[in-house]
Every structure is written in structure tokens, then in C-alpha cells.
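> Numbering (the UniProt record's numbering), first residue to last: 1 to 134.
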Amino acid sequence: MAKNYKIFVSHSWSYSSDLTDLQNLLNSRGYFNVEFTEASKDVPINSTNASYIKAKLRAKISTSDIVLALAGIYASHSDWMPWELDTAKSLGIPIIGVIPRGQERISQEVYSRSVVDVKWSTESIVEAIRNHAK
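Here is the structure:
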């Protein structure tokens with residue numbers, strides 16, 4: 001029986017199409033079961049209270065097997081991504097940087113916290129998840 005991986009994707013809401021594309025990529029991979037735990041535009045945390053949002057995100061991250069961080073340069077300008085990645089590190093959740101298609105440069109915010117960075121390829125992402133998930 002295949003393992004079911006709980007994945008939190010740290011992403012920028014301004015580039016939410018990358019999140020959707022990544023979810024579709026992993027959901028379409030045969031013999032690889034995933035459950036996504038992050039907040040998104042489709043499933044937001046309906047609050048403007050930062051402490052409340054952080055508590056909800058911490059709970060989502062803590063139940064995840066791994067964090068995938070979309071490593072586009074926009075991550076360096078996100079208010080939330082560094083906090084999510086630092087939270088994952090403090091909880092012992094491994095972080096994989098996923099380099100969006102066509103990107104040459106990646107965010108230092110992701111690179112400095114990830115255990116490995118992989119290109120946008122189903123097999124390289126799946127292999128990294130299998131090798132590093134808790």
C-alpha cells in the first residue's frame with residue numbers, strides 16, 4: 001500500500017496558479033497519494049488577526065510530513081513564507097524548495113531553509129518527497 005503524504009505548500013498568494021499547478025502535478029502522479037494542508041485562496045483562513053492565522057498555519061504545518069516551498073524569486077517578497085518556513089524548521093518538518101518552471105534564480109528565503117531544491121519535474125519532486133518526508 002502506498003504511503004499517503006501530508007504536504008504543506010508554502011506559496012505566494014499573488015502567484016496562486018503555481019500552487020494549483022503543483023497540486024495538479026502531484027495529484028496526477030500514479031501510485032503517489034497526497035493530501036494538501038496549506039491555506040489557499042480556495043480554502044482561506046478567514047481572519048485578519050495575525051496571531052489567529054499563525055496558530056492555524058502552525059497547526060497545519062505541524063501535521064504535515066513535508067513542506068514544499070515554491071522557490072520563485074517572489075518568495076523573497078512574501079510576508080508569510082519566511083514565517084511558514086521558520087515554523088516548519090522549528091517543528092522539525094523538512095522543507096523542499098521547488099523551482100517554478102522557467103525560473104533561473106530562486107529565492108534566498110527558500111534556499112537558505114531547504115534540505116534540497118528541485119526543478120519543476122514530477123519525478124524529481126516525488127523523489128525528493130519520498131527521500132525527505134518524515
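Ideal Cβ placement from N, Cα and C applies to all residues, glycine included.
If I'm right that K56 touches I45 with Cβ under 8 Å, what's the distance once you round it to whole angstroms?
Within the sequence shown, numbered from 1, the residue matching residue 56 stands at position 56. Within the sequence shown, numbered from 1, the residue matching residue 45 stands at position 45. 5 Å between Cβ atoms; contact.
> Between the Cα of R58 and the Cα atoms of S16, R113 and S10, which residue gives the shortest distance?
On the sequence shown, position 58 is the one that residue 58 refers to. Ranking S16, R113 and S10 by Cα distance to R58 puts S10 first.
> Contact between the stretch 91-110 and the stretch 47-54 is defined here as three or more beta-carbon pairs at a separation below 8 Å; is this criterion met?
No: the two stretches stay apart, fewer than three of their Cβ pairs being nearer than 8 Å.
> When you compare only the Cα positions, how much space is there between L68 and F8?
Numbered from 1 along the sequence shown, position 68 holds the residue referred to as residue 68. Numbered from 1 along the sequence shown, position 8 holds the residue referred to as residue 8. So the two alpha carbons sit approximately 6 Å from each other.
> Please confirm if K134 has its CB atom under 8 Å from at least one CB of chain B.
Considering every chain present, this structure includes no chain B. It has just one protein chain.
> Please report the straight-line C-alpha distance between S16 and R101, rounded to a whole angstrom.
If you number the sequence shown from 1, residue 16 lands on position 16. If you number the sequence shown from 1, residue 101 lands on position 101. When rounded, the distance between both Cα atoms is 14 Å.
> Do you know offhand how far P94's Cα is from S121's?
The count along the sequence shown starts at 1 and reaches residue 94 at position 94. The count along the sequence shown starts at 1 and reaches residue 121 at position 121. Their backbone Cα atoms lie some 19 Å apart in a straight line.
> On the three-state DSSP scale, how would you describe K41?
For the purposes of this step, residue 41 is taken as residue 41 along the sequence shown, with counting starting at 1. Coil at K41, not helix or strand.
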